[in-house]
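Quick note: the sequence shown uses the UniProt record's numbering, first residue 1, plus one each step. The C-beta atom is built at its ideal place from N, Cα and C for all residues, glycine as well. Have a look at the structure below, then the notes.
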Amino acid sequence: MDKIGFIKKDIYNLECSVNGKLRNHDVELVTEYFMAEQKKNEGFYFKIEGDGHDRFSRCFWADATSRRAYGFYGDVVVFDTTFNTNQYDLTFAPMLGVNNHGQTIVLACAFLSKETTESFVWMFEEFKKAMPGGEPKTIITDQDAAMAIAISIAFPTTFHRLCIWHITSKFSVKLPRDAYNEYWREFQKAIWDTDNKDEFDAKWNIVVTKAGLTDHPWLSSMFDLRESWVPAYTRQFFAAGMSSSQRAEGSHGFFKQYISRRNSLMDFIIRFERALSHQREKELVADHVDAFEVAQCLLPMPMNKQMATLYTRTMFQKFEQELIQSTACFLELKTEDACKVVFNVSERKNWETRVAEVVYVKDSDHASCSCKRFEFVGIICKHILALFRRDQIEYMPEKYILKRWKKTAKCGLVSDANGKEIKDCADPGLLIKRSTMSRLASDVVEDALMSEEGCEVLSATLKSLQVKLKLLKDGPSNNEVGGSSSQTQYMKDPKRVRCKGRSKGVTGAKEKAMKRGIRHCRECGHIGHDRRQCPALNTP
């Protein structure tokens, strides 16, 4: 401790001192940071708005890397807000996607002071301005009324999918205890084990009738929304294999390792950029592996070897599993006419025989399956692969290989709405220059440390050099070139807001009873007795 020269309290005091000096200058720092990033790379996009009283209300930003990524992977977007990320309680709203390795990527970010339809519409409109390529095919969110209305306004052609995990997790809360315990398994089978819409509707109505919940308002509302969350209805829309927004939940957990609710906006952005660089480093590692290594094939088949060279390793493993499972599928001719051939493809799964229907159109040489895996995930299913094996098709037709899952997914130019190319880095040689100058500076410092006189000479030279570089950066006369940054009018820092995510939760009867000290039974769930006096257990 004596060699360090300070203690933990000193760090806390320094942090308080710095925060005190920066108080009321938070938005000013953020604005200057965004402007500096835009000056370094024109591909950086941001927008800051006030509340009409010259006070910060919301902001949106997306760097060039994120904008380029949307050009390659913008078909599916996951959107979910999170809280406790800054000292103003502003809602942090990242828009996320999935790259060709199946990894989560950040497409854009925003801070919102209100979670209203108007705020979400503003954010989505800025998102459309920033991103190349138009609206996404699918957007996955939690069940939020304001968000749903905003999506219908801003993304009219986008399929809005509700997070199935959030909905199914509410069954235990919304249904009566006895009905949930007895019929939840049947609800699960109706949701997950049905291949078409009519089958789901029939199974759902049977379970609801058996449970005596035909007039249950929440179940009725979920049935009305079934086209937005039930797999039998949503499989036909591409979603990169996602049926929930849990990817966003995981991303929030990752970023919250770096940030806290004590952060100012500038602190948040610095920490967030650090976390983002770590996330992107994982993508670069995966790119490197795919560039120099070819995945090992478990099956020595020409098609398997073909896909090992085309797909990223993660996607190839998913494809290979489908290929392996196709060996256990059996085809049976169902109908045939001049235009198409229909097969029943059966397989044994969990002691049950599952049957899928594959339709092969002769004129277009196209096959489709009732499981809709290719439409939903973008990887061909085992049922169609079984048909290929039957017809001795050794290589995958190009129409069944999505570019977004290939190793070369990021090849090509990405342009904005004005036709201007979006580049990751404004100067391709910037990293090389930085590396060269860093080595030179390190050598100079090492030489200067050899003597006291050398340290003094280097210190004086660096101070003089710093002044010259500042003049070179700012120009000879700031006042003649539009004024310095201190003369620029900035918005005031935001006031602390109360967001929906931090509202006081609804307290149920059991929680109220526990707070009052009233006993509740863990066996039957009733109040007024505990498990030892439960009538259900003591009845002869």
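- Name the two residues that bound the continuous beta strand (DSSP E) containing Y45. For this step, residue 45 is matched to residue 45 along the sequence shown. First-last of the beta strand (DSSP E) with Y45: 45-50.
- For residue 610, count neighbouring Cβ atoms within 10 angstroms of its own Cβ and tell me buried if that reaches 16, exposed if not. Since the first residue of the chain shown is 1 and the last is 540, residue 610 is not available in this structure.
- Query: Applying the criterion that 16 or more other CB atoms from any shown protein chain within 10 Å of the CB defines a buried residue, is H53 buried or exposed?
  - Reply: As a first step, residue 53 is located in the sequence shown; it is residue number 53 there, counting from the start. The residue is exposed, with fewer than 16 neighbouring Cβ atoms inside 10 Å.
- Own chain, CB closer than 8 Å to W405, minus 5 neighbours either side, in chain order: Position 405 of the sequence shown, counted from the first residue, corresponds to residue 405. Contacts found: N100, Y311, T312, M315, G378, I379.
- Item | H53, DSSP secondary structure in three states | On the sequence shown, position 53 is the one that residue 53 refers to. It is coil, neither helix nor strand.
- Task: Take N196 as the anchor and find which of V230, L465, V497, D391 has the nearest alpha-carbon.
- Result: The sequence position of residue 196 within the sequence shown is 196, counting from 1. Checking every option, the nearest Cα to that of N196 belongs to V230.
- Uninterrupted beta strand (DSSP E) stretches inside the stretch 116-198 (no shorter than 3 residues): Note on the stretch 116-198: whole beta strand (DSSP E) runs with a minimum of 3 residues are 138-141, 159-162, in chain order.
- Task: Determine, using beta-carbon pairs with one atom in the stretch 236-255 and one in the stretch 156-174, whether at least three such pairs fall under 8 Å.
- Result: Here the stretch 236-255 lies against the stretch 156-174, with 3 or more beta-carbon pairs under 8 Å apart.
- Message: Considering only DSSP beta bridges, list what A108 is partnered with.
- Response: The residue you call residue 108 lines up with position 108 of the sequence shown. The partner list for A108 (beta bridge, DSSP) reads M95.
- Item | Nearest-angstrom Cβ-Cβ length linking D75 and P136, presumed shorter than 8 Å | The count along the sequence shown starts at 1 and reaches residue 75 at position 75. The count along the sequence shown starts at 1 and reaches residue 136 at position 136. Between D75 and P136, the beta carbon gap of about 6 Å places them in contact (Cβ cut-off 8 Å).
- Message: So, under 8 Å CB-CB, S370 and A386 are touching, yes? Tell me the CB distance rounded to an integer number of Å.
- Response: As a first step, residue 370 is located in the sequence shown; it is residue number 370 there, counting from the start. As a first step, residue 386 is located in the sequence shown; it is residue number 386 there, counting from the start. With a Cβ gap of about 14 Å, S370 and A386 do not count as contacting.
- Span of the beta strand (DSSP E), counted from its first residue to its last, around residue 555: Only positions 1 to 540 of the chain appear in this structure, which leaves residue 555 out of reach.
- Check whether the stretch 256-265 touches the stretch 397-414, counting contact only when three or more Cβ pairs, one atom from each stretch, lie closer than 8 Å. Contact between the stretch 256-265 and the stretch 397-414 is absent, because fewer than three Cβ pairs lie under 8 Å.
- Message: Less than 7 Å between C-beta atoms, sequence neighbours within five positions excluded: which residues of the same chain meet that for I11?
- Response: Position 11 of the sequence shown, counted from the first residue, corresponds to residue 11. Cβ-Cβ distances below 7 Å link I11 to nothing in the same chain once the five nearest sequence neighbours on each side are left out.
- Query: To the nearest angstrom, how far is it from the Cα of S277 to the Cα of F46?
  - Reply: The count along the sequence shown starts at 1 and reaches residue 277 at position 277. The count along the sequence shown starts at 1 and reaches residue 46 at position 46. Rounded to whole angstroms, the separation of the alpha carbons of F46 and S277 is 19 Å.
- Query: Excluding the five sequence neighbours on either side, which residues of its own chain have a C-beta within less than 7 Å of the C-beta of W184, listed in chain order?
  - Reply: Looking up residue 184 in the sequence shown gives position 184. Within the same chain, W184 has close Cβ partners F171.
- I331 by DSSP, collapsed to three states: which one? In the sequence shown, the residue the question calls residue 331 occupies position 331. In the sequence as presented, Ile is not what sits at residue 331; that position holds Leu. L331: strand per DSSP, three-state reduction.
- Give me the Cβ distance between G50 and M491, rounded to the nearest whole Å; I'm assuming they're in contact under 8 Å. On the sequence shown, residue 50 is found 50 positions in, with the first residue counted as 1. On the sequence shown, residue 491 is found 491 positions in, with the first residue counted as 1. Their Cβ separation, rounded to whole angstroms, is 5 Å, which keeps G50 and M491 in contact under 8 Å.
- Query: Which ranges would you report for the alpha helix (DSSP H) in the stretch 203-229 if only whole runs of at least 4 residues count?
  - Reply: You should have 217-224.
- Message: Assuming contact is defined by CB atoms lying nearer than 7 Å, are F237 and T168 in contact in what I supplied?
- Response: Counting from one through the sequence shown, the residue named residue 237 turns up at place 237. Counting from one through the sequence shown, the residue named residue 168 turns up at place 168. Pairing F237 with T168 gives a Cβ-Cβ distance that is not under 7 Å.
- Message: Excluding the 5 residues flanking F255 on each side, which residues of the same chain have their C-beta closer than 7 Å to its C-beta?
- Response: Here residue 255 corresponds to residue number 255 of the sequence shown, with the count starting at 1. If we look at F255 and ignore the five residues flanking it on each side, its Cβ neighbours are F272, A275.
- Query: Which whole-angstrom value is the C-beta distance of L219 and L213, which I expect to be below 8 Å?
  - Reply: In the sequence shown, counting from the first residue as 1, residue 219 sits at position 219. In the sequence shown, counting from the first residue as 1, residue 213 sits at position 213. Taking a contact as a CB-CB distance under 8 Å, the pair L219 and L213 counts as one, their CB atoms being some 6 Å apart.
- From Q325, A338, S415, F111, pick the residue whose C-alpha is nearest to that of T85; which is it? The sequence position of residue 85 within the sequence shown is 85, counting from 1. Measuring from the Cα of T85, the nearest candidate turns out to be F111.
- Which parts of the UniProt domain "SWIM-type" (357-392) are runs of the beta strand (DSSP E), unbroken and 3 residues or longer, counting only runs that do not cross its ends? Runs of the beta strand (DSSP E) spanning 3 or more residues and lying entirely within the UniProt domain "SWIM-type" (357-392) occur at 366-369, in chain order.
- Query: From which residue to which residue does the beta strand (DSSP E) around F316 run?
  - Reply: Working through the sequence shown from its first residue, we reach residue 316 at position 316. Counting along the chain, F316 falls outside any beta strand (DSSP E), though it belongs to the alpha helix (DSSP H) covering 313-326.
- Query: With C-beta atoms as the reference, is V121 less than 7 Å away from A146?
  - Reply: For the purposes of this step, residue 121 is taken as residue 121 along the sequence shown, with counting starting at 1. For the purposes of this step, residue 146 is taken as residue 146 along the sequence shown, with counting starting at 1. Cβ atoms of V121 and A146: not closer than 7 Å.
- Task: Could you tell me which uninterrupted alpha helix (DSSP H) segments, each at least 4 residues in length, are contained entirely in the stretch 233-301, listed from first to last along the chain?
- Result: Counting only runs of 4 or more, we get 246-255, 265-292.
- Item | C-beta contact flag for M131 and F60 at 7 Å | To locate residue 131, count along the sequence shown from 1; it is residue 131. To locate residue 60, count along the sequence shown from 1; it is residue 60. Their beta carbons are not under 7 Å apart, which means M131 does not touch F60 by this criterion.
- Task: Within the same chain, show all residues whose beta-carbon is closer than 7 Å to that of K318, passing over the 5 residues directly before and after it, in chain order.
- Result: Sequence index remark: in the sequence shown, residue 318 carries index 318 (1-based). Taking K318 as the centre and dropping the five residues before and after it, the same chain places the C-beta of I379 closer than 7 Å to its C-beta, in chain order.
- Per DSSP, which one or two residues make a beta bridge with W61? As a first step, residue 61 is located in the sequence shown; it is residue number 61 there, counting from the start. Answer by DSSP bridge pairing, in chain order: F46, C109.
- Message: Spatial neighbours of K410 within its chain, please: C-beta separation below 6 Å, excluding the five flanking residues on both sides.
- Response: As a working note, residue 410 is residue 410 in the sequence shown. Counting only Cβ-Cβ distances below 6 Å, and skipping sequence neighbours, we find F72.
- Task: Just the C-alpha distance for V208 and C524, rounded to the nearest angstrom, thanks.
- Result: Looking up residue 208 in the sequence shown gives position 208. Looking up residue 524 in the sequence shown gives position 524. Taking the straight line from one Cα to the other gives about 22 Å.
- Task: Buried or exposed for residue 589, please, with buried defined as at least 16 other CB atoms from any protein chain shown within 10 angstroms of its CB.
- Result: This structure gives no information on residue 589, because the portion of the chain shown stretches from 1 to 540.
- E394 to P302 span [Cα, whole Å]: In the sequence shown, the residue the question calls residue 394 occupies position 394. In the sequence shown, the residue the question calls residue 302 occupies position 302. Computed Cα separation, rounded: 6 Å.
- Return helix, strand or coil for R348, following the three-state DSSP convention. Here residue 348 is taken as the residue at index 348 of the sequence shown, counted from 1. DSSP places R348 within a strand segment (E or B) once states are collapsed to three.
- Query: Relative to the C-alpha of A69, which residue among T408, V444, R496, L449 is closest?
  - Reply: Position 69 of the sequence shown, counted from the first residue, corresponds to residue 69. Ranking the options by Cα distance to A69, first place goes to T408.
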